[in-house]
Amino acid sequence: MSALSAHVLDEIKALPARYPQPRSAVMPALDLAQEELGHLTSEAMTEVAGALQLDPGYVQGVATFYTLFHLEPVGQHRFYMCTNLSCTLRGAEDIVEHLRGAIGVKAPGEVSGDGLFSYEEVECMGACEYAPMLRLDHRYHYDLTREKIDHLVAERRSPRADAVSESGPEKPKRAPRRRAPKQDG
8 MSALSAHVLD EIKALPARYP QPRSAVMPAL DLAQEELGHL TSEAMTEVAG
58 ALQLDPGYVQ GVATFYTLFH LEPVGQHRFY MCTNLSCTLR GAEDIVEHLR
108 GAIGVKAPGE VSGDGLFSYE EVECMGACEY APMLRLDHRY HYDLTREKID
158 HLVAERRSPR ADAVSESGPE KPKRAPRRRA PKQDG
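Numbers 8 to 192, taken from the working numbering, label the letters of the sequence shown in order.
Pasting the structure below:
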């Protein structure tokens, strides 16, 4: 029996046509597999390799290199907190402690006791001007505060949490661009 559904395997087989190099499809393919199963099993990685006509070792190498792929079960809702320099300078340490307390974990890689939440710390996600920020269920959340964390956690604990996770990314408000000071000379 296959680990992945026929529908997901068909989606994976169609991916190489979107890229100049078929190997470039491995990350989106692994993302589709992980989305369906919750984490990547050995069987799923072998099926991804077969669907993309790639060496299984290459697929496993990609899956084990990137922190957004999980080889063990994770929570239903996954928090990926940026702890890079920009986020840290803008208060990420306080947000990290508050978030961990709110979801009931003590360290990166842990799953809450109820299985609802996972917590990971990741490097820069490319939104430094909106720091501190995190990714939660494929949505990016910016300019985080303790209140925003409480709201995000409460939304996911509510019975309507599935509707919340499908609503799309939070749109950041653009800060006015600063002009460089005029130089004499």
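Glycine is no exception: its CB is placed at the ideal position from the N, C-alpha and C atoms.
Neighbourhood of residue i by C-beta distance below 7 angstroms, restricted to the same chain and skipping five residues each side
i, result
"residue 11", "40, 43, 51, 54"
"residue 98", "139"
"residue 45", "80, 81"
Beta-carbon proximity list for residue i, same chain, < 6 angstroms, skipping 5 on both sides
i, result
"residue 69", "33"
Beta-bridge pairing of residue i - partner residues as DSSP gives them
i, result
"residue 147", "142"
"residue 88", "128, 141"
"residue 55", "According to DSSP, which records beta bridges pairwise, residue 55 is partnered with nothing at all."
"residue 1", "Residue 1 cannot be examined here, being either before or after the span of the chain that is shown, 8 to 192."
Reduced DSSP secondary structure (H/G/I, E/B, other) of residue i
i, result
"residue 112", "coil"
"residue 81", "coil"
"residue 28", "coil"
"residue 218", "With the chain covering 8 to 192 only, the question about residue 218 has no answer from this structure."
"residue 16", "helix"
"residue 68", "helix"
"residue 101", "helix"
Nonlocal neighbours in the same chain, by C-beta distance under 8 angstroms from residue i, ignoring five residues either side
i, result
"residue 71", "78"
"residue 117", "125, 126"
Presumed contact (8 angstroms Cβ cut-off) between residue i and residue j, rounded CB distance
i, j, result
"residue 127", "residue 74", "6 angstroms"
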